[in-house]
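Throughout, our numbering is defined as the position within the sequence shown, counted from one, plus 54.
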Amino acid sequence: MSIKDQVIAIIAEQAMLEPGDIAMDNTLEDIGIDSLGLVEAIFAIEEGFDINVPFNANDPTASDFDISSIAAIVAAVEKLIAEQAA
């Protein structure tokens, strides 16, 4: 399973949707994920990929972790994994 597919699966689980219901241009709001769901998704991503996501739940806009769309989240996770492997 690709990183993209794993991230989508994690987000879909948090949104209680099927992965096929999630488009790369969706925002978390589009699929019904609130701030608590976002935090749970971040924890699940960290656990699933064994990475540390630089995300401040109290101020999401101050984070280097882009949550503006599903595509942005996938790209950010791929970047973190690449940085950790280096």
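Think of the CB as a built atom: it goes at the ideal place given N, C-alpha and C, for glycine as much as any other residue.
Note that the coordinates shown come from a computational prediction; the quantities given were computed from them, not determined experimentally.
- Looking from the CA of Ile105, the closest CA among Asp59, Ala66 and Glu137 belongs to Glu137.
- In the structure shown, Ile105 adopts coil according to DSSP, grouped into three states.
- Distance between Ala111 and Pro73, taken at the CA atoms: about 24 Å.
- Ile121 and Ala139 have their alpha carbons spaced roughly 22 Å apart.
- Under the DSSP assignment, Glu132 falls in the alpha helix (DSSP H) whose first and last residues are Ile124 to Ala139.
- For Ser89, the secondary structure class from DSSP, reduced to helix, strand or coil, is helix.
- By the neighbour-count criterion, in which a residue is buried when 16 or more other Cβ atoms sit within 10 angstroms of its Cβ, Ala130 is buried.
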